[in-house]
Amino acid sequence: MKMKKKLQLSKILVIFAVVVGLIVGCSKEVVEEEPVREEPTPVQETPEEPVAEPVLKEPEPVLDETIAPVESATAHSASETLEEREGKLEEVLELISETDSVNIFYMVKPGDYLSLIAKNEYGNIGMWRMIYKWNRKKIGDNPNIIYPFHEFLLKKPKNTANDLEFDYYNYMVRANETLWSIAGKEYDNHYAWIVILRDNADVLGPNIDHVLPGTVLKLRTKLFN
Numbered sequence: 002m003k004m005k006k007k008l009q010l011s012k013i014l015v016i017f018a019v020v021v022g023l024i025v026g027c028s029k030e031v032v033e034e035e036p037v038r039e040e041p042t043p044v045q046e047t048p049e050e051p052v053a054e055p056v057l058k059e060p061e062p063v064l065d066e067t068i069a070p071v072e073s074a075t076a077h078s079a080s081e082t083l084e085e086r087e088g089k090l091e092e093v094l095e096l097i098s099e100t101d102s103v104n105i106f107y108m109v110k111p112g113d114y115l116s117l118i119a120k121n122e123y124g125n126i127g128m129w130r131m132i133y134k135w136n137r138k139k140i141g142d143n144p145n146i147i148y149p150f151h152e153f154l155l156k157k158p159k160n161t162a163n164d165l166e167f168d169y170y171n172y173m174v175r176a177n178e179t180l181w182s183i184a185g186k187e188y189d190n191h192y193a194w195i196v197i198l199r200d201n202a203d204v205l206g207p208n209i210d211h212v213l214p215g216t217v218l219k220l221r222t223k224l225f226n
């Protein structure tokens, strides 16, 4: 009995071992035949966002707010009127100078200029052109440069022209005095020596650089009237 049991047990073990071997062999075949392949995870590409094209804005027109200067009609007409008046006055004086006018002498004051003389003598600054025309040889090419105590020729109507009259006093020249020094002392302006020369041309003669002591000169009580 014991032998039978052992034989049965050994058969069972053999059968079990065979079964286990078959199971293991089958599992290997399955593994070898069907290897598990790991598929790569698909990388999802992130779609690039479309770049927005820059919107070109048309430049807005710039309005020039600068206001063009508007010439005043009144000022323009006044300017024309002034020019017309100056032109008419010059024409009248031209006619007067040819027919019914007299020449007078005007001595230039310190600080004078032609337009100021024209305003004071004729009431119109535009007359400086006529004064320059009458005295161009004496003034020269530049009407802006005139010298004090020079005499200009002016033309005035006979009925308005006034003779220039001066009061004088006698002055006796001392030793070492000159017309320059006498003008500085008596007239407070050395350049007025030319006035002394004009007023005493008959006494001085050509020797004006060396005035003899004792010479009697006539000097004005006032340089300008």
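Residue numbers (my numbering): 2 to 226. Cβ atoms here follow ideal geometry from the backbone N, Cα and C, with glycine treated the same way. Keep in mind that this is a model prediction, so the values were computed, not measured.
Could you check which residue in the options has the C-alpha nearest to that of residue i?
i      : options                        : result
Ile146 : Leu218, Asp101, Tyr133         : Tyr133
Lys159 : Leu117, Asp101, Asn143, Lys120 : Asp101
Arg175 : Trp194, Ile118, Pro214, Thr161 : Pro214
Leu220 : Asn163, Lys157, Leu198         : Leu198
Trp177 : Val212, Lys156, Asn190, Ala162 : Sequence check: residue 177 is Asn here, not Trp. Checking every option, the nearest Cα to that of Asn177 belongs to Val212.
Val103 : Gly141, Asn163, Trp129         : Asn163
Arg130 : Ser116, Lys138, Gly124         : Ser116
Asp210 : Asn226, Ser182, Asn190         : Ser182
Which same chain residues end up closer than 8 Å to residue i when comparing Cβ atoms and leaving out the 5 residues on each side of it in sequence?
i      : result
Asn136 : Phe153, Leu154
Val109 : Ile118, Ile147, Tyr148, Pro149, Phe150, His151, Glu152, Phe153
Val196 : Met108, Phe150, Ala184, Tyr188, Arg221, Leu224
Thr216 : Met173, Val174, Val204, Leu205
Asn201 : Leu218, Lys219
Could you pull the start and end residues of the alpha helix (DSSP H) that residue i belongs to?
i      : result
Leu115 : 115-123
Asp200 : 194-200
Lys1   : Examination of residue 1 is not possible in this model, given that the chain is present from 2 through 226 alone.
So, with DSSP's three-state summary, where would you put residue i?
i      : result
Lys223 : coil
Met105 : The displayed chain sequence assigns Ile, not Met, to residue 105. Strand at Ile105.
Leu213 : coil
Glu187 : helix
Gly206 : coil
Gly127 : helix
Lys29  : Caution is warranted here: a pLDDT of 48 is assigned to Lys29, below 50, making its placement in the model unreliable, and no coordinate value can be reported.
Take residue i and list the residues in its own chain whose beta-carbon comes closer than 6 Å to its own, dropping the five residues that flank it on each side.
i      : result
Ala193 : Phe150, Ala184
Tyr172 : Leu218, Leu220
Pro111 : Pro149
Following the continuous beta strand (DSSP E) through residue i, name the residue where it begins and the one where it ends.
i      : result
Leu154 : 152-158
Check the DSSP bridge columns for residue i and list the partner residues they point to.
i      : result
Ile147 : Looking at the DSSP assignment, Ile147 forms no beta bridge with any residue, so it has no partner.
Asn171 : Lys219
I'd like to know whether the C-beta of residue i is nearer than 7 Å to at least one C-beta of chain B.
i      : result
Trp129 : Here chain B cannot be found, since the structure has a single protein chain.
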